[in-house]
Structure formats: C-alpha cells, structure tokens
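Structure, as structure tokens:
In this note's numbering, the protein residues as written are 3 to 113.
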C-alpha cells in the first residue's frame, strides 16, 4: 500500500510542479507586465527550491517516500530565481508575475 501512495504522491507532485514552471515560462515569454495565477493541490506539505545554472532555471521538491527520498525537478527558461517557498498540503494559490518596473519574475503564495 505504501508503494502505491508513493507513486500517487510522486505523480501528483510532478504534475503540480509543472503548473508552476509552466507559469514561469509563460511570464518569461510574455515579458514585463505579465502575470499568471495557478492553483496547485499537493498531497503533503512541500518546500519548492528555485535555482539556476546560469542558463536555465530549475524548481525541485524533495519527497520523503516510504523507502527513500526522491528529488523531483522541472526546468524552465528563466534563470533569475534563487529562492524557496513553502506550500501546505491541499490547495495553494500561486502568483507568478513580472512587474513592469522590475527586472525579476516573482513567485509567491497567495493567502
């Protein structure tokens, strides 16, 4: 049973993480003044780490599964994010925006 739950959590987390990275790519492609609100639903509390290698950006989640830990990572085109956000189990509204007067895309949890 634990193995089935691990698979479901992994698939869910990868899908929800993709929603966030797709929103980042949308704002980056659309340019300054763009904004995207996404609703994500995680099966557990997660910490998302945003980082880059100088060329691309990455978002990763570390999942503690029943028999080991697994790192899920998605890439995106924007390479300016270096932060972490904590999301609680259940529904979270995420704002991805690139303000007109800013040189950076921001990712924030909306309350």
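Note that beta-carbon positions come from the ideal geometry of N, C-alpha and C, so glycine has one too.
Close CB contacts of residue 79 within its chain, under the 6 Å cut and outside five residues either way in sequence, are with 27 and 30 (chain order). By the C-beta criterion, the stretch 64-73 is judged not to be in contact with the stretch 90-110, since fewer than 3 inter-stretch pairs fall below 8 Å. The residue among 11, 7, 6 and 4 with its C-alpha nearest the C-alpha of residue 74 is 11. Under the DSSP assignment, residue 86 falls outside any alpha helix (DSSP H), being part of the beta strand (DSSP E) whose first and last residues are 85-89.
In the structure shown, residue 50 adopts extended strand secondary structure according to DSSP, grouped into three states. In this structure, DSSP gives residue 21 a helical state, which the three-state scheme calls helix. Leaving aside the five residues that flank residue 18 on each side, the residues in its chain whose CB is nearer than 7 Å to its CB run, in chain order, 42, 43 and 44. When 88, 36 and 20 are compared, the shortest CA-CA separation from residue 112 is found for 88.
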